[in-house]
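With my numbering, the residue at position 45 of the sequence shown is 32, and numbering never jumps.
C-beta: ideal position from N, C-alpha, C; glycine also.
Working notes, beginning with the structure itself.
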Amino acid sequence: MTRQFVLMTDTGSDLPKEYYVQHDLACVRLGFTLDGVTYGGDDGAEMDDKKFYDLLRGGAMPKTFQITPAQAVGHIEPFLKEGKDVLVISFSSGLSGTYESYCTAAKELSGSYSAKVRVVDSRCASLGQGLFVDYIVRKADSGASLEETVQYAEELKGHICHFFTVDDLFHLKRGGRVSATTAVVGKMLGIKPVLHVDDAGHLIAIGKAMGRKKSLAALVEKMTELQELGKDDPVFISHGDCEQDVEYLIGLIKNRFGTRNFYVNMIGSVIGTHSGAGTVALFFKGRHR
């Protein structure tokens, strides 16, 4: 069935380019700077994710930036000029000001065009946002109207569970997510934190495990506790250049739940700047976050 509006999201979703093309999604590139060079954004350079993680492991210190309201206008307005309504699915407002930029742009444009703009704060990140978008794509493609899809999205987002663990606490410390003391002690003792994204879209530490395999097992325990998956519901996994750990996690999930529809992609540079190499993140639909 023909979609009734334009669906737009940003690269905070960590979906691959092929996904945007396959599902006819408009995409806003978020970006970062490194050594005086801008990557991503509207006109920045490109960097392969594998190269990004190699640089990160070598001590690179990138800094991310959000889009401005003026840039958001530049992405949305061309569709309004064509008379097309637009639904924007934003990276979490609890982690970035990007949502506010979209909202400011929508307000600025609202009096100039008959076509409508709706902005949904996903309160999701990485492939959690990607999973959220995937459900919304299916809803929109079923023939749902703009307002029906917005209502569906608002009801759904509290059910998109995010659980992840990191291999190195340095980047969480740098971003103020954990204290310097916690980072030092964690590294000395091999403690791996387990974190999630809460209903407000904030990153919250909820536990810790001794060693990598136990931290990955802890993700599966959270899935066991909260999952509400039908036979067609996918499980999304993103990672900071650590495919072997992803394979281990998938094995644990298969042992617990049987074969699932897995979708795996690397964490992009914008999220990876804050989570670091070696992050493994698990996303699924659950009773609540």
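Opening and closing residue of the beta strand (DSSP E) in which L21 lies:
Numbered from 1 along the sequence shown, position 34 holds the residue referred to as residue 21. Here the beta strand (DSSP E) through L21 covers G18 to L21.
Which residues DSSP lists as bridging H226, in chain order:
On the sequence shown, residue 226 is found 239 positions in, with the first residue counted as 1. BP columns for H226 point to M253 and V267.
Rounding to the nearest angstrom, what Cα-Cα distance links T55 and T85 in this structure?
The residue labelled residue 55 in the question sits at position 68 within the sequence shown. The residue labelled residue 85 in the question sits at position 98 within the sequence shown. Spanning the two alpha carbons is a distance of roughly 8 angstroms.
Give me the Cβ distance between G(-1) and L17, rounded to the nearest whole Å; I'm assuming they're in contact under 8 angstroms.
Position 12 of the sequence shown, counting from 1, holds the residue named residue -1. Position 30 of the sequence shown, counting from 1, holds the residue named residue 17. At roughly 6 angstroms, the Cβ-Cβ gap stays under 8 angstroms, so G(-1) and L17 are in contact.
Measuring CA to CA, which of F19, G23 and L(-6) is closest to Q9?
In the sequence shown, counting from the first residue as 1, residue 9 sits at position 22. For Q9, the nearest C-alpha among the options comes from L(-6).
Do the segment 245 to 254 and the segment 213 to 224 make contact, defined as three or more Cβ pairs closer than 8 angstroms?
yes
Own chain partners of Y139 with C-beta closer than 6 angstroms, once the 5 adjacent residues on each side are dropped:
Counting from one through the sequence shown, the residue named residue 139 turns up at place 152. So the qualifying residues of the chain are K126.
Helix, strand or coil for T246? Go by DSSP, reduced to three states.
The count along the sequence shown starts at 1 and reaches residue 246 at position 259. It is coil, neither helix nor strand.
Does DSSP classify V181 as helix, strand or coil?
Your numbering for residue 181 matches position 194 in the sequence shown. Residue state, collapsed to three classes: strand.
Please state whether DSSP places R110 in a helix, a strand or coil.
Numbered from its first residue, the sequence shown carries residue 110 at position 123. If DSSP states are grouped into helix, strand and coil, R110 belongs with coil.
Could you pull out every residue in the same chain whose Cβ sits closer than 7 angstroms to the Cβ of Y7, ignoring the five residues on either side in sequence?
Residue mapping note: residue 7 aligns to position 20 of the sequence shown, counting from 1. Here the set comprises C14.
In the DSSP assignment, what residue or residues form a beta bridge with C90?
For the purposes of this step, residue 90 is identified with residue 103 of the sequence shown, where counting begins at 1. C90 pairs with nothing; no bridge assigned.
Restricting to runs no shorter than 3 residues, where is the beta strand (DSSP E) found entirely within the segment 55 to 102?
73 to 77
The beta strand (DSSP E) spanning F151 covers which residue range?
As a first step, residue 151 must be located in the sequence shown, where it is residue number 164. Taken as a continuous stretch (DSSP letters only), the beta strand (DSSP E) holding F151 covers I147 to T152.
Length of the line joining the Cα atoms of I237 and A268
Walking along the sequence shown from the start, residue 237 turns up at place 250. Walking along the sequence shown from the start, residue 268 turns up at place 281. Taking the straight line from one Cα to the other gives about 12 angstroms.
If we call anything under 7 angstroms between Cβ atoms a contact, is S202 one with K179?
Position 215 of the sequence shown, counted from the first residue, corresponds to residue 202. Position 192 of the sequence shown, counted from the first residue, corresponds to residue 179. Yes.
Secondary structure of D232, DSSP reduced to three states:
For the purposes of this step, residue 232 is identified with residue 245 of the sequence shown, where counting begins at 1. D232: helix per DSSP, three-state reduction.
Once you ignore the five residues that flank Q53 on each side, which residues in its own chain have a CB closer than 8 angstroms to its CB?
Within the sequence shown, the letter at position 66 stands for residue 53. Answer for Q53: L17, S83, G84, T85 and S88, listed in chain order.
Report yes if the CB atom of T260 is closer than 7 angstroms to the CB atom of P3, and no otherwise.
Counting from 1 along the sequence shown, the entry for residue 260 is found at position 273. Counting from 1 along the sequence shown, the entry for residue 3 is found at position 16. Not a contact, by the Cβ cut-off of 7 angstroms.
Helix or strand or just coil, what does DSSP make of L118?
To locate residue 118, count along the sequence shown from 1; it is residue 131. Reduced to three states, the DSSP call for L118 is helix.
Keeping to the same chain, check which residues put their C-beta closer than 8 angstroms to that of L133; ignore five residues upstream and five downstream.
Looking up residue 133 in the sequence shown gives position 146. Around L133: Q(-9), F(-8), D72, L74, K103 and R105.
Can you give me the start and stop residues for the beta strand (DSSP E) that D(-3) sits inside?
Position 10 of the sequence shown, counting from 1, holds the residue named residue -3. It spans V(-7) to D(-3) - the beta strand (DSSP E) in which D(-3) sits, taken as one unbroken run.
CB contact flag (T266, V181, <7 angstroms)
What you label residue 266 is simply residue 279 of the sequence shown in a count that begins at 1. What you label residue 181 is simply residue 194 of the sequence shown in a count that begins at 1. Cβ atoms of T266 and V181: not closer than 7 angstroms.
Considering only C-alpha positions, which residue in the set A47, E212 and L12 is nearest to F244?
Translated into positions along the sequence shown, residue 244 becomes position 257. Of A47, E212 and L12, the residue nearest in Cα terms is E212.
Which residue or residues does DSSP assign as beta-bridge partners of Q290?
Since the first and last residues shown for the chain are -12 and 276, residue 290 lies out of range.
Just checking my contact of A112 with V184 at CB under 8 angstroms: how many whole Å lie between their CB atoms?
Position 125 of the sequence shown, counted from the start, is the residue given in the question as residue 112. Position 197 of the sequence shown, counted from the start, is the residue given in the question as residue 184. Going by Cβ atoms, the distance from A112 to V184 rounds to 6 angstroms, so yes, they are a contact pair.
One question on the structure: do A196 and A205 come within less than 7 angstroms of each other, judged by their Cβ atoms?
Walking along the sequence shown from the start, residue 196 turns up at place 209. Walking along the sequence shown from the start, residue 205 turns up at place 218. Yes. Within cutoff.
Can D186 and G145 be called in contact, C-beta distance under 7 angstroms?
Position 199 of the sequence shown, counted from the first residue, corresponds to residue 186. Position 158 of the sequence shown, counted from the first residue, corresponds to residue 145. In contact: D186 and G145 (Cβ atoms closer than 7 angstroms).
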